[in-house]
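See structure below.
Numbering (the working numbering), first residue to last: 13 to 361.
This is the structure we're talking about:
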């Protein structure tokens, strides 16, 4: 089942393109008058309806009167064009069809289309007529569609009453259904065409949370935030030490170092790294400061050897520096007299 969502917006390009394209979020700010959204509220409405006149005050694009029907007016390839809201919905559905085909790897010819619960028969038919290239099996309410998915996933057997609400896209729809043995029966539907997630406010009503309760909740959230940050820092320190130890061990064991480091120095680093790795296995729940201390102890052994290796490389003809990759994705980079971990390759001699 495809669960990707596409913003119900369409942007009409100023440039000379030959297609209509679903817009991206970042384009809304740069081309607001040609970015159309919320047109479901216009489908099946008259231009002089109070709700249409109210909505027009909040849209950046122009809505014009065409024989009593609202049309969206945009600029396209330097010309002023008008489109019906049903056509805008068709463009969005066409884009969704393309996404589905890319995901499935095959052509999509049949579809079940969802619409807001408040849509009447004429509005549903208008949507169906506007869809090109798809055989629409059925048009169902958005909350009903959610209930069907719920029933399929939960494999409901005995009769169950379910309340499903759909919040988003500028609407709030509710349906009450009964589900039994895969049979869905809609008992009631209702909706608000101008209520969405941006208009929900948490208030301190009587007999609900007091100011003290809210303050306590905020304090608890801050407390856990600090604990989360502390845990994140501890994990980061542990991972840093672990990566450093494995990288250093892998580096000195690299065949490209043969003959470039004496046996005594070459053995010191793996021995210390193995010691640190064993310590990590025994102290997985250690504190951040303990991990940092162990890393400093490891650096005391590694830094002089690596610095000496770097300095000896500087004496090569032409000051040539050699570099090599380590197998671990967290590599190490060296500079004279210093030693730091990074996601780059180990660069030394």
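Backbone N, C-alpha and C fix where the C-beta goes; we use that ideal spot for every residue, glycine too.
Because the structure is a prediction, the values reported are computed rather than measured.
TODO: Tell me, to the nearest whole angstrom, how far the beta carbon of residue 48 is from that of residue 73; I am working on the premise that it is less than 8 Å.
DONE: Position 36 of the chain shown, counted from the start, is the residue given in the question as residue 48. Position 61 of the chain shown, counted from the start, is the residue given in the question as residue 73. Indeed they touch by this definition, with Cβ atoms about 5 Å apart.
- [ ] Might you give, ordered along the chain, the residues of its own chain that have their beta carbon closer than 7 Å to the beta carbon of residue 77, omitting 5 neighbours on each side?
- [x] Here the question's residue 77 lines up with position 65 in the chain shown. Within the same chain, Cβ atoms closer than 7 Å to the Cβ of residue 77 are found at 59, the five residues on either side in sequence being excluded.
- [ ] Just mark residue 97 as buried or exposed, buried being the case when its beta carbon has 16 or more other beta carbons within 10 Å.
- [x] Mapped onto the chain shown, residue 97 falls at position 85. Residue 97 counts as buried, since at least 16 other C-beta atoms from the protein chains shown sit within 10 angstroms of its C-beta.
Open item on the list: The alpha helix (DSSP H) that contains residue 120, what's its start and end?
Closed with: By one-based count along the chain shown, residue 120 stands at place 108. Residue 120 -> no alpha helix (DSSP H), and no H or E assigned at all.
Task: Of the residues 306, 324, 232, 292, the one placed nearest residue 269, counting alpha carbons only - done: For the purposes of this step, residue 269 is taken as residue 257 along the chain shown, with counting starting at 1. Comparing Cα-Cα distances from residue 269 to each of 306, 324, 232, 292, the minimum goes to 324.
Task: Where the beta strand (DSSP E) containing residue 258 begins and where it ends - done: The residue given as residue 258 occupies position 246 in the chain shown. For residue 258, there is no enclosing beta strand (DSSP E); the residue is part of the alpha helix (DSSP H) that begins and ends at 223-264.
Open item on the list: Tell me which residue opens and which closes the alpha helix (DSSP H) that residue 54 is part of.
Closed with: Position 42 of the chain shown, counted from the first residue, corresponds to residue 54. Segment: none, residue 54 is in no alpha helix (DSSP H) and carries neither H nor E.
- [ ] Could you give the DSSP three-state label for residue 163: helix, strand or coil?
- [x] Taking the chain shown and counting its residues from 1, the one referred to as residue 163 is at position 151. If DSSP states are grouped into helix, strand and coil, residue 163 belongs with the helices.
TODO: Given a cut-off of 8 Å, decide if residue 112 and residue 120 are closer than it, judged by their beta-carbon atoms.
DONE: Numbered from its first residue, the chain shown carries residue 120 at position 108. Numbered from its first residue, the chain shown carries residue 112 at position 100. Closer than 8 Å, so yes.
Task: With 16 other Cβ atoms within 10 Å as the buried cut-off, status of residue 163 - done: The residue you call residue 163 lines up with position 151 of the chain shown. By the 10 Å Cβ count, residue 163 comes out buried.
TODO: Go through its chain and collect everything with a Cβ distance to residue 352's Cβ below 6 Å, but skip five positions before and after it.
DONE: Working through the chain shown from its first residue, we reach residue 352 at position 340. Note that residue 352 has pLDDT 37, beneath the 50 cutoff, so the model's placement of it is unreliable and the number below is only indicative. Non-local C-beta neighbours of residue 352 in its own chain, meaning closer than 6 Å and more than five positions away in sequence, are absent.
TODO: Please determine, among 133, 145, 295, the residue with the shortest C-alpha to C-alpha distance to residue 122.
DONE: As a first step, residue 122 must be located in the chain shown, where it is residue number 110. By alpha-carbon distance to residue 122, the top candidate from 133, 145, 295 is 145.
- [ ] Could you pull out every residue in the same chain whose Cβ sits closer than 6 Å to the Cβ of residue 83, ignoring the five residues on either side in sequence?
- [x] Along the chain shown, read from residue 1 onward, the residue named residue 83 stands at position 71. The answer, listed in chain order, is 76, 94, 96.
Open item on the list: Less than 7 Å between C-beta atoms, sequence neighbours within five positions excluded: which residues of the same chain meet that for residue 80?
Closed with: By 1-based counting over the chain shown, the position of residue 80 is 68. 58, 59.
- [ ] Could you check what DSSP says for residue 67 in three-state terms: helix, strand or coil?
- [x] Counting from one through the chain shown, the residue named residue 67 turns up at place 55. Three-state result, residue 67: helix.
Task: Paired residues, beta bridge with residue 93 - DSSP - done: The residue you call residue 93 lines up with position 81 of the chain shown. Looking at the DSSP output, residue 93 shares a beta bridge with 86.
Task: Minimum C-alpha distance to residue 159 - residue among 53, 128, 171, 176 - done: Stepping through the chain shown from its first residue, residue 159 is reached at position 147. Of the residues 53, 128, 171, 176, the one whose Cα lies closest to the Cα of residue 159 is 176.
Task: Opposing strand residues paired with residue 178 [DSSP bridges] - done: If you number the chain shown from 1, residue 178 lands on position 166. Answer is 185.
- [ ] Can you check DSSP and say which residues form a bridge with residue 172?
- [x] Locating residue 172 in the chain shown gives position 160, where the first residue counts as 1. Per DSSP, 191.
Task: Backbone secondary structure at residue 201 - three-state DSSP - done: Stepping through the chain shown from its first residue, residue 201 is reached at position 189. Residue state for residue 201 is assigned as strand, using DSSP reduced to three classes.
- [ ] Tell me whether residue 296 sits in a helix, a strand or coil according to DSSP, three-state version.
- [x] Looking up residue 296 in the chain shown gives position 284. Assigned with DSSP and collapsed to three states, residue 296 falls in coil, not helix or strand.
Task: 6 Å Cβ shell around residue 304 - same chain, five flanking residues per side excluded - done: Along the chain shown, read from residue 1 onward, the residue named residue 304 stands at position 292. Taken in chain order, the residues that qualify are 249.
Task: Contacts around residue 140, its chain only, beta-carbon distance under 7 Å, and the 5 residues preceding and following it disregarded - done: In the chain shown, counting from the first residue as 1, residue 140 sits at position 128. Here residue 140 has 148, 151 as same chain residues with Cβ atoms under 7 Å from its own Cβ, once five neighbours each way along the sequence are excluded.
- [ ] Have a look at 64, 133, 260, 239 and flag the residue whose alpha-carbon is nearest the alpha-carbon of residue 299.
- [x] Here the question's residue 299 lines up with position 287 in the chain shown. With distances taken between CA atoms, residue 299 lies nearest to 239 out of 64, 133, 260, 239.
Open item on the list: The alpha helix (DSSP H) that contains residue 139, what's its start and end?
Closed with: The count along the chain shown starts at 1 and reaches residue 139 at position 127. For residue 139, the enclosing alpha helix (DSSP H) stretches over residues 133-142.
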